[in-house]
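Written out below as structure tokens is the structure these notes cover.
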Amino acid sequence: MKKEIISILTLGCKVNKYESDCLAKKLQAMGFVTSEELIVADYYILNTCAVTNESEKKSRQYVSKINKLNPNAKILVCGCASDANKDSFLQKNGVDAVFDNQRKDLIIDYFEGKLYDDVRLSGFNYNLTDPKIDQARAYIKIQDGCNRFCSYCIIPYLRGRSVSRDISSVVEEARELSRDYNEIVLVGIDMSDYKINDRYALRDLLLQLSDIDARIRLGSLEVSVVTNDLLEIMKGMPNFVPHFHLSLQSGDDDVLKSMNRKYTAREYVNACEMIYSYFPNANITTDIIVGFPGETEENFASTMNLVKKVKFGKIHCFPFSAKKGTRAATFVDTAPEIKKDRMNRLSSIAEELQKEYNLKYVGKGMEMLIEETEGDYLVGYSENYIKCYLPNNKNIVIGSIIKVKGLELYKEGLKVEYGK
Ligand code: SF4
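Residue numbering for the sequence shown follows the numbering used here, beginning at 26 and increasing consecutively.
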């Protein structure tokens with residue numbers, strides 16, 4: 026009998042990707058063929074995103090694309106965009122069911138032909154763990170939801186309250202994955218709020234992951250989590266990689282207040298200095314929103330000064346875009362030309378700083394995780410998250426970690442050679 030095909034289309038964050046991969050593994054075990062591509066299929070699972078108006082629009086457009094490709098297909102929708110507006114998806118042609126963000130696991134019940142009603146779960150959804158993995162590194166979701174309510178962000182309204190996964194369940198999955206993967210990335214919506222019995226527990230989790238035979242990398246963090254105690258533990262871990270993605274958003278206290286971000290520019294710089302005191306060669310990367318409502322040229326200058334002070338290895342720059350349903354969407358927006366100008370200025374300094382950081386590794390040894398081939402190169406990231414380009418060699422397998430040495434700046438990373 027011909028196996029039915031399910032195309033699983035994922036938008037948005039690494040947590041969405043993790044959840045889609047968990048669904049894929051379970052559906053494959055049930056005998057379905059799954060694909061991550063928009064191909065002709067019997068069923069489509071659309072895991073949507075609503076972090077910006079653009080991503081929400083894209084989520085809706087996917088339904089029309091699917092209908093064009095296969096008007097008879099059944100479409101199952103889940104994720105933040107459908108949570109934000111269930112009816113608008115339910116009314117669309119081909120949409121057979123919409124699943125609550127918190128209960129994506131019920132999609133399995135749908136394919137088992139079980140009747141289900143999406144009662145909300147209390148706590149972490151353990152029905153959606155153990156993902157299929159077909160890339161060089163593995164992801165583990167340790168936390169979901171967010172209690173911070175940054176004024177520009179819709180996520181807390183769509184992913185609910187912060188919930189954390191038991192340490193033992195994470196360690197068990199990590200041990201399992203470390204048999205096949207040389208790097209594991211811990212992800213969450215707000216991992217800095219990882220708590221067990223209402224006590225911050227990221228340190229306890231990392232302690233228990235320190236003997237896992239794979240590199241341990243952390244997804245996005247908030248300043249509040251940076252303490253001497255946590256850095257001490259990270260320093261003591263043989264498998265911890267010195268890359269910190271520490272979300273900044275703005276370097277100006279007035280703008281941070283208006284964003285409802287719970288730290289000052291000074292506190293952010295202190296946290297970075299603390300990180301450098303434990304990891305002098307750490308790569309600190311970040312996200313910055315420019316043109317937030319009310320941001321003056323002086324405010325923006327504070328951000329530029331902070332950026333030069335911290336010397337980020339990479340900055341993801343975003344022009345503010347008002348997200349319907351957030352408090353910031355009610356603020357008076359900044360003129361597009363001002364946003365464009367500030368994006369240009371910040372992006373060029375970001376590029377300079379990235380080059381400056383990467384140049385430090387010309388002639389220096391690193392350990393590169395081979396992730397894919399790109400033309401004549403094997404491409405992947407070093408332990409400190411520099412993108413490396415190594416001349417292609419058929420004997421090297423994707424997913425292996427290779428000792429390399431920096432040669433010269435290349436694209437947004439470094440050309441490297443085999444190191445000793
Ligand atoms: S920390 Fe802020 S930006 Fe991040 S998910 Fe929570 S509310 Fe959104």
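All C-beta atoms in this analysis are idealised placements derived from N, C-alpha and C, irrespective of residue type, glycine included.
What does DSSP give as the partner residues of residue i in its beta bridges?
i: residue 416; result: 402
i: residue 339; result: 310
i: residue 104; result: 73
i: residue 33; result: 70
i: residue 129; result: Bridge partners of residue 129: none, in fact.
i: residue 441; result: 431
i: residue 426; result: 394
i: residue 123; result: 102
i: residue 407; result: 393
i: residue 164; result: 210
i: residue 241; result: 209 and 265
i: residue 154; result: The partner list for residue 154 (beta bridge, DSSP) is empty, contrary to what the question assumes.
i: residue 59; result: 31
i: residue 169; result: 188
Identify which residue in the options has its Cα closest to the Cα of residue i.
i: residue 372; options: 51, 312, 52 and 298; result: 312
i: residue 279; options: 325, 222 and 82; result: 325
i: residue 331; options: 147, 71 and 378; result: 378
i: residue 126; options: 74, 236 and 249; result: 74
i: residue 210; options: 362, 268 and 218; result: 268
i: residue 5; options: 28, 43 and 337; result: In the structure as shown, the chain begins at 26 and stops at 445. Residue 5 is therefore absent and cannot be evaluated.
i: residue 40; options: 204, 216 and 51; result: 216
i: residue 402; options: 376, 436 and 383; result: 436
i: residue 105; options: 30, 42, 232 and 300; result: 42
i: residue 197; options: 274, 174 and 165; result: 165
i: residue 322; options: 275, 423 and 153; result: 275
i: residue 431; options: 422, 424 and 386; result: 386
i: residue 277; options: 293, 265, 270 and 190; result: 293
i: residue 235; options: 255, 222, 249 and 250; result: 255
i: residue 92; options: 109, 79 and 70; result: 70
i: residue 18; options: 120, 109 and 128; result: Residue coverage of the chain in this structure runs from 26 to 445, which leaves residue 18 outside it and unanswerable.
i: residue 111; options: 154, 376, 219 and 183; result: 183
i: residue 309; options: 273, 327 and 282; result: 273
i: residue 190; options: 201, 223, 161 and 202; result: 223
i: residue 157; options: 194, 174, 139 and 205; result: 205
i: residue 295; options: 282, 304 and 335; result: 335
i: residue 35; options: 88, 57 and 56; result: 88
i: residue 151; options: 185, 194 and 119; result: 194
i: residue 202; options: 424, 438, 78 and 428; result: 424
i: residue 247; options: 233, 214 and 266; result: 214
i: residue 136; options: 51, 367, 426 and 218; result: 51
Inset, instruction - Under 6 Å from any heavy atom of ligand 1, by CB: list those residues in chain order, please. - result: Listed by chain position, these are 171, 173, 174, 175, 178, 180, 181, 214 and 215.
Inset, instruction - For the segment 401–416 and the segment 383–393, state whether three or more C-beta atom pairs, one from each stretch, are separated by less than 8 Å. - result: The segment 401–416 makes contact with the segment 383–393: 3 or more CB pairs, one atom from each, lie closer than 8 Å.
Legend entry - Given 8 Å, three or more beta-carbon pairs between the segment 158–173 and the segment 342–355: Under the Cβ criterion (8 Å, minimum of three pairs), the segment 158–173 does not count as touching the segment 342–355.
Inset, instruction - Pick out the complete beta strand (DSSP E) segments inside the segment 243–317, 3 residues or longer, and give them in chain order. - result: Fully enclosed beta strand (DSSP E) runs of 3 or longer: 268–270 and 308–315.
Legend entry - Continuous alpha helix (DSSP H) assignments of at least 4 residues falling wholly in the segment 333–392: Segments of the alpha helix (DSSP H) lying fully in the segment 333–392: 361–384.
Inset, instruction - May I ask you to verify whether the segment 220–238 touches the segment 252–262, counting CB pairs closer than 8 Å and requiring at least 3? - result: These segments touch.
Inset, instruction - Could you tell me which uninterrupted alpha helix (DSSP H) segments, each at least 4 residues in length, are contained entirely in the segment 187–227, listed from first to last along the chain? - result: Counting only runs of 4 or more, we get 192–202.
Legend entry - Inter-stretch contact (C-beta, 8 Å, three-pair minimum) for the segment 130–139 and the segment 171–181: In short, these stretches do not touch, since the Cβ pair count stays below three.
Legend entry - the segment 93–108 in contact with the segment 64–76 per 3-pair CB rule at 8 Å: Yes, they touch.
Inset, instruction - Count the CB pairs spanning the segment 207–221 and the segment 232–249 that are closer than 8 Å, and state whether there are at least three. - result: Contact between the segment 207–221 and the segment 232–249 is present: 3 or more CB-CB pairs across the two stretches fall below 8 Å.
Legend entry - Three or more C-beta pairs below 8 Å linking the segment 410–425 and the segment 434–443: The segment 410–425 makes contact with the segment 434–443: 3 or more CB pairs, one atom from each, lie closer than 8 Å.
Inset, instruction - For the segment 313–323 and the segment 287–297, state whether three or more C-beta atom pairs, one from each stretch, are separated by less than 8 Å. - result: Contact fails: fewer than three Cβ-Cβ distances are below 8 Å.
Inset, instruction - Take every Cβ of the segment 379–388, pair it with every Cβ of the segment 107–118, and state whether three or more of those distances are shorter than 8 Å. - result: As far as the Cβ criterion goes, the segment 379–388 does not touch the segment 107–118, which means the pair count is below three.
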